Amino acid sequence: MACPCSYFHAGNEPGSGVNKSEGQPTFKTVISAGRTGTVFLTHWINSQAEKEIAVHEPSFSRAVYLLGNLFGYHGWSRSGLIRLYIATRKNRFAGSPDYIELNPFLCPVADVLADIPCSLQVAHLVRDPRTWVPSLISHEASGRRKVLIRSVPFNLPRDRKFGREWRSMTLVQKMLWRWSSFNRRISTLERGGCQYGLFRYEDLFSGKAEIREQSRGRFLRFLDLAPAASAGDFGPGKHYNASLKNAQFEFSNWTEREKTFLQDIAGDQLRQFQYQ
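Just so we're aligned, residue 266 is where the sequence shown starts under the numbering used here, counting upward by one.
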């Protein structure tokens with residue numbers, strides 16, 4: 266059975282030479298809106314390699330996330346911000362061609378990643394918003410620091426176009442906008458001349474071994490890695506960084522207003538990612 270939404274964008278397969286800068290290293294990154302198993306995948310990728318090559322949300326990336334949300338809100342250019350970030354990481358990935366960064370914090374600047382002065386290889390991970398929203402809301406990231414982190418300005422992205430309406434929106438609606446906005450930004454790279462691959466969370470962590478193994482195999486090949494025979498399949502996935510169960514935010518308990526908002530703001534994306 267084919268994975269319905271795991272593919273290499275035509276012409277942008279690894280080794281195709283797309284977006285190759287003469288003498289420049291390749292920045293390989295896995296980007297998602299979060300809650301897509303990137304902590305697990307970091308451990309899993311390293312289990313496939315002979316040495317540690319995958320890094321999750323390295324230092325300074327949270328600052329890029331906050332500043333990216335700030336700049337985006339005010340309509341300021343974010344190209345200089347992503348160039349600065351790449352400059353801080355370049356010695357790391359230039360010195361290790363196998364280096365892979367799994368970093369949801371790059372979402373606010375994903376659409377300007379094509380401006381960086383080096384080659385770019387992006388694996389875009391996406392998750393159905395009907396499970397992503399409750400997972401994000403119920404996630405207990407950073408333990409006791411979560412309340413403090415949430416109080417930091419622009420830790421929660423927002424869009425000025427909603428104006429006063431933003432205050433009257435439910436938490437589910439705000440999270441749906443966040444899912445839509447971040448995934449739209451990442452999706453622009455499909456047409457940005459880089460090496461781009463789209464992978465669904467539901468395939469990578471499918472309960473069906475055939476779909477899971479096929480999707481993970483394509484994922485590793487996209488990142489120029491060969492599956493290690495000794496590492497095994499790891500099953501659907503160990504629960505790293507798991508969310509708490511909270512029925513209040515499950516899709517079945519969404520209001521009609523929230524379900525309508527989902528279709529209005531992300532209906533085309535549900536079809537794009539084959540969730541509808």
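Beta carbons are placed, not taken as given, at the ideal position from N, Cα and C, and that holds for glycine. Quantities reported herein were computed from a predicted structural model and do not represent experimental measurements.
Between residue 383 and residue 313, the C-beta spacing is not below 7 Å. Here residue 529 is exposed: its Cβ has fewer than 16 other Cβ atoms, across all protein chains shown, within 10 Å. The straight-line gap separating the alpha-carbon atoms of residue 339 and residue 345 is approximately 15 Å. Counted as a single uninterrupted DSSP element, the alpha helix (DSSP H) harbouring residue 304 occupies residues 303-313. Within the same chain, 379 come within 7 Å of residue 457 by CB-CB distance, once the 5 residues on both sides are set aside.
Taking the Cβ atoms as the reference, residue 447 lies roughly 4 Å from residue 298, within the contact range of under 8 Å.
Here residue 368 is buried. Its C-beta has 16 or more other C-beta atoms within 10 Å. Beta bridge pairing from DSSP links residue 516 with no other residue. Closest in alpha carbon position to residue 419, among 454, 309, 319 and 370, is 370.
Pairing residue 433 with residue 398, the inter-Cα distance amounts to about 18 Å. Straight across, the Cα-Cα distance linking residue 464 with residue 423 is about 26 Å.
When secondary structure is reduced to three states using DSSP, residue 329 falls in the helix class. At a Cβ-Cβ threshold of 7 Å, residue 387 and residue 343 do not count as neighbours.
Just so you know, the alpha carbons of residue 365 and residue 476 end up roughly 24 Å apart. Of 421, 426, 437 and 362, the smallest CA-CA separation from residue 316 is found for 362. Under the criterion of beta carbons closer than 8 Å, residue 390 and residue 466 qualify as touching, at roughly 6 Å. For residue 526, same chain residues with a beta-carbon under 7 Å away, outside a window of 5 residues either side, are 438 and 441 in chain order. Contact between residue 444 and residue 394 holds: CB atoms are separated by about 5 Å, below the 8 Å threshold. Note on residue 541: under 16 other CB atoms within 10 angstroms of its CB, so exposed under the neighbour-count rule. For residue 465, the three-state secondary structure derived from DSSP is strand.
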